[in-house]
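Right, one structure below, let's go through it.
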Amino acid sequence: MTDRFVAAIDQGTTSSRCIIFGQDGAVVSADQREHRQIFPKPGWVEHDATEIWSKVQAVVAGALAKAGLRAEELSALGITNQRETTVLWDRATGKPVHNAIVWQDTRTSALCARLGGADGQDRFRDTTGLPLASYFSGPKAAWLLDNVPGLRTRAERGEIAFGTIDSWLIWNLTGGTDGGVHVTDVTNASRTMLMDLRTLEWDRSILAAMNVPEVMLPAIRSSAEVYGTATGHLRGVPVASALGDQQAAVFGQACYDTGTAKNTYGTGSFLLLNTGERPVPSKNGLITTVGYKIGAQAPVYCLEGSIAITGALVQWFRDQLGIIRSAAEIETLAASVEDNGGAYIVPAFSGLFAPYWRSDARGVVTGLTRYVTKAHLARAVLEATSWQTREVVDAMYQDSGVRISSLKVDGGMTANGLLMQHQADVLGVPVIRPRVPETTCLGAAYAAGLATGVWSGLDELTSHWRRDTAWEPRMEAAVREREYGRWRRAVERSFGWEDD
Ligand SMILES: Nc1ncnc2c1ncn2[C@@H]1O[C@H](COP(=O)(O)OP(=O)(O)OP(=O)(O)O)[C@@H](O)[C@H]1O
Ligand SMILES: [Mg+2]
Numbered sequence: 014m015t016d017r018f019v020a021a022i023d024q025g026t027t028s029s030r031c032i033i034f035g036q037d038g039a040v041v042s043a044d045q046r047e048h049r050q051i052f053p054k055p056g057w058v059e060h061d062a063t064e065i066w067s068k069v070q071a072v073v074a075g076a077l078a079k080a081g082l083r084a085e086e087l088s089a090l091g092i093t094n095q096r097e098t099t100v101l102w103d104r105a106t107g108k109p110v111h112n113a114i115v116w117q118d119t120r121t122s123a124l125c126a127r128l129g130g131a132d133g134q135d136r137f138r139d140t141t142g143l144p145l146a147s148y149f150s151g152p153k154a155a156w157l158l159d160n161v162p163g164l165r166t167r168a169e170r171g172e173i174a175f176g177t178i179d180s181w182l183i184w185n186l187t188g189g190t191d192g193g194v195h196v197t198d199v200t201n202a203s204r205t206m207l208m209d210l211r212t213l214e215w216d217r218s219i220l221a222a223m224n225v226p227e228v229m230l231p232a233i234r235s236s237a238e239v240y241g242t243a244t245g246h247l248r249g250v251p252v253a254s255a256l257g258d259q260q261a262a263v264f265g266q267a268c269y270d271t272g273t274a275k276n277t278y279g280t281g282s283f284l285l286l287n288t289g290e291r292p293v294p295s296k297n298g299l300i301t302t303v304g305y306k307i308g309a310q311a312p313v314y315c316l317e318g319s320i321a322i323t324g325a326l327v328q329w330f331r332d333q334l335g336i337i338r339s340a341a342e343i344e345t346l347a348a349s350v351e352d353n354g355g356a357y358i359v360p361a362f363s364g365l366f367a368p369y370w371r372s373d374a375r376g377v378v379t380g381l382t383r384y385v386t387k388a389h390l391a392r393a394v395l396e397a398t399s400w401q402t403r404e405v406v407d408a409m410y411q412d413s414g415v416r417i418s419s420l421k422v423d424g425g426m427t428a429n430g431l432l433m434q435h436q437a438d439v440l441g442v443p444v445i446r447p448r449v450p451e452t453t454c455l456g457a458a459y460a461a462g463l464a465t466g467v468w469s470g471l472d473e474l475t476s477h478w479r480r481d482t483a484w485e486p487r488m489e490a491a492v493r494e495r496e497y498g499r500w501r502r503a504v505e506r507s508f509g510w511e512d513d
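Residue 513 is where the sequence shown ends in this note's numbering, and the numbering goes up by one at each step.
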């Protein structure tokens with residue numbers, strides 16, 4: 014049998030990656046490039062979708078070159094992407110009509126409050142699984158239609174296409190203005206706030222409420238099927254999967270059984286629990302989302318705890334405060350002291366997502382005395398990640414009754430052993446990192462390989478999963494609960510700062 018190869022594109026918030034995997038699920042080659050973060054005003058975050066498309070083409074070429082492979086040797090190409098980030102483009106020219114509005118952008122807070130009206134934040138929750146918050150893409154599209162001169166008329170005439178980054182990439186990969194297919198997958202569609210979670214179709218009443226014309230929307234497809242074939246340098250390669258990055262990590266971590274969970278630590282952190290073929294509504298500040306759907310099979314749902322800022326707080330500590338020079342240095346600095354010295358940092362830079370959904374929150378540093386040093390603050394930065402995770406794990410238990418017995422983790426911050434130990438300590442369960450830490454790309458590759466017969470099914474994929482490191486909890490329960498109480502008091506101090 015000749016080896017087969019599957020490529021995955023991970024178009025993330027800070028960078029684009031392409032990784033080529035072999036049939037055993039091992040990494041053959043990888044390439045990565047960052048793109049510009051555009052901050053036009055406090056709270057606004059944009060990307061240039063044209064720049065993203067050229068970086069994606071570059072990393073695909075880079076990964077092929079490093080592997081010494083030609084495009085025709087790829088059995089399939091999978092896509093995974095930063096979610097909710099919204100692009101509107103002109104179907105005739107292929108040009109975006111505005112910078113992409115990034116998921117972290119808060120400009121739609123007031124619009125979301127207006128849409129909630131007397132019903133409040135949960136007006137669309139039964140249908141979509143989501144609270145009204147600036148995070149999601151439907152209101153971002155509505156904002157563009159209202160604010161780019163002449164755009165609404167052009168959209169109503171069918172000249173404009175809406176997409177999250179998966180749609181933008183698939184359209185370009187499959188020919189763009191020359192016959193590109195305009196599709197999205199169920200996981201990305203479930204983040205628009207425009208899709209009915211149960212029927213997996215656009216909801217006309219919500220489209221009307223948000224004033225979004227249906228002609229601009231992509232067709233909703235499964236996460237693993239051949240949407241079309243690539244043109245250009247990748248001519249002939251089947252484009253065979255799309256999954257939001259967090260759902261791709263669920264898939265790459267082999268969380269296929271009901272009750273299994275993973276947490277990915279990147280720019281933010283996202284803990285997803287597989288709830289099987291049943292969408293579980295949340296009463297405790299989580300969201301209900303589609304986990305994946307393989308071809309014609311039934312969809313699998315997840316409960317999700319979305320935390321906006323975790324790794325981004327480390328970046329802020331490095332770039333904005335200049336206290337460390339590299340992200341890795343924070344571990345050495347934090348390890349030079351025993352504890353946080355009483356300091357807590359609540360990184361409510363875009364308000365707080367799960368489980369609070371407070372757009373009026375802003376970041377706070379609290380518990381300061383003259384005793385506190387930069388090393389204590391380094392601890393507080395790391396602990397902000399583990400405490401926020403503890404809050405969503407608690408909410409998960411309250412919503413689902415599932416008490417996790419261990420947590421599978423992945424993403425850039427899992428390189429930090431001190432943080433992973435603290436995470437195990439504050440959860441009171443082991444934290445386990447797999448051998449292939451690039452689970453986001455791996456999940457997209459798995460889905461594309463399933464759609465094209467490279468892999469036989471979920472059992473084969475599960476057999477690839479290997480443990481790398483596990484951290485066992487060591488903190489005494491009394492200490493843990495006392496510290497957790499302090500964290501929650503710090504969170505309360507972040508509320509009510511910004512009046513929308
Ligand atoms: N040793 C470390 N200790 C703590 N944080 C770290 C460490 N190394 C990296 N990080 C943080 O991890 C994040 C990068 O992780 P990762 O590469 O998984 O993110 P990403 O996939 O690029 O993010 P996105 O998909 O959102 O673009 C950065 O925010 C960085 O600050
Ligand atoms: Mg990522």
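Where is the CB? At the ideal position from N, CA and C, for every residue including glycine.
On a predicted model such as this, the values are computed, not experimentally measured, just so you know.
For the candidate residues the options, whose alpha-carbon lies nearest to that of residue i?
{"i": "H389", "options": "T427, L346 and I417", "result": "L346"}
{"i": "L286", "options": "Y278, L299 and G279", "result": "L299"}
{"i": "L514", "options": "T382, S418 and D270", "result": "For the chain, the structure presents residues 14 to 513; residue 514 sits outside this window and is missing."}
{"i": "A490", "options": "A237, A437 and W468", "result": "A437"}
{"i": "A341", "options": "P360, I114, V303 and R392", "result": "R392"}
{"i": "S235", "options": "E59, A78, P144 and V199", "result": "V199"}
{"i": "P368", "options": "P144, A89 and A348", "result": "P144"}
{"i": "A222", "options": "I92, A232, M208 and I307", "result": "M208"}
{"i": "L316", "options": "V492, N429, R204 and T379", "result": "R204"}
{"i": "C125", "options": "Y148, A325 and R416", "result": "Y148"}
What separation, rounded to the nearest whole angstrom, lies between the Cα atoms of residue i and residue j?
{"i": "K275", "j": "T166", "result": "43 Å"}
{"i": "A62", "j": "N112", "result": "7 Å"}
{"i": "T187", "j": "T465", "result": "17 Å"}
{"i": "D270", "j": "L432", "result": "27 Å"}
{"i": "V377", "j": "V504", "result": "8 Å"}
{"i": "P226", "j": "R170", "result": "9 Å"}
{"i": "Q95", "j": "E396", "result": "25 Å"}
{"i": "G38", "j": "R495", "result": "43 Å"}
{"i": "G75", "j": "A461", "result": "20 Å"}
{"i": "Q401", "j": "I320", "result": "7 Å"}
{"i": "G414", "j": "R291", "result": "14 Å"}
{"i": "R17", "j": "A458", "result": "12 Å"}
{"i": "E404", "j": "F52", "result": "29 Å"}
{"i": "V100", "j": "A78", "result": "30 Å"}
{"i": "R211", "j": "W484", "result": "38 Å"}
{"i": "L157", "j": "R493", "result": "46 Å"}
{"i": "R479", "j": "P162", "result": "53 Å"}
{"i": "M409", "j": "M488", "result": "22 Å"}
{"i": "Q328", "j": "L284", "result": "21 Å"}
{"i": "D407", "j": "A232", "result": "36 Å"}
{"i": "L82", "j": "L247", "result": "12 Å"}
{"i": "Y357", "j": "R383", "result": "14 Å"}
Please go through the same chain and pick out, in chain order, the residues whose beta-carbon is closer than 6 Å to the beta-carbon of residue i, but skip the five residues on each side of it.
{"i": "W510", "result": "R375"}
{"i": "R446", "result": "V422, T427, D481 and T482"}
{"i": "M14", "result": "In this predicted model, M14 has a pLDDT of only 45, less than 50, meaning its place in the structure is not dependable enough to derive any value."}
{"i": "A243", "result": "L186, V250 and V252"}
Can you tell me which of the three DSSP states residue i falls into?
{"i": "G241", "result": "strand"}
{"i": "C268", "result": "coil"}
{"i": "H477", "result": "helix"}
{"i": "L220", "result": "helix"}
{"i": "L182", "result": "helix"}
{"i": "W484", "result": "strand"}
{"i": "K12", "result": "Nothing can be reported for residue 12, as the shown portion of the chain is limited to 14 through 513."}
{"i": "M14", "result": "Legend: pLDDT at M14 = 45, less than 50; position of this residue unreliable, value from coordinates given subsequently. Coil, per DSSP."}
{"i": "R148", "result": "Here residue 148 turns out to be Tyr, not Arg, going by the sequence shown. Y148: coil per DSSP, three-state reduction."}
{"i": "K68", "result": "helix"}
{"i": "E85", "result": "helix"}
{"i": "Q45", "result": "strand"}
{"i": "Q24", "result": "strand"}
{"i": "R446", "result": "strand"}
Leaving aside the five residues before and after residue i along the sequence, list all residues of the same chain whose C-beta is less than 7 Å from its C-beta, in chain order.
{"i": "E47", "result": "T27 and S28"}
{"i": "M229", "result": "A168, I173, A174 and F175"}
{"i": "G189", "result": "G107"}
{"i": "V40", "result": "I32, F34, V449 and E451"}
{"i": "K68", "result": "S29, R46 and H48"}
With a threshold of 9 Å between beta carbons, is residue i in contact with chain D?
{"i": "G441", "result": "Among the chains of the structure shown, chain D does not appear; only one protein chain is present."}
CB-CB under 8 Å to residue i, same chain, minus the five flanking residues each way: which ones, in chain order?
{"i": "D373", "result": "G364, F508, G509, W510, E511, D512 and D513"}
{"i": "A237", "result": "A253, S254, Y305, K306, I307, G308, A460, A461, L463 and A464"}
Is there at least one non-hydrogen atom of ligand 3 closer than 8 Å to the beta-carbon of residue i?
{"i": "D512", "result": "Judged by which ligands are present, ligand 3 is missing from the structure shown, whose ligands are ligand 1 and ligand 2."}
For a minimum of 4 consecutive residues, which ranges assigned as the alpha helix (DSSP H) are wholly contained in the stretch 332–415? 342–348 and 387–413
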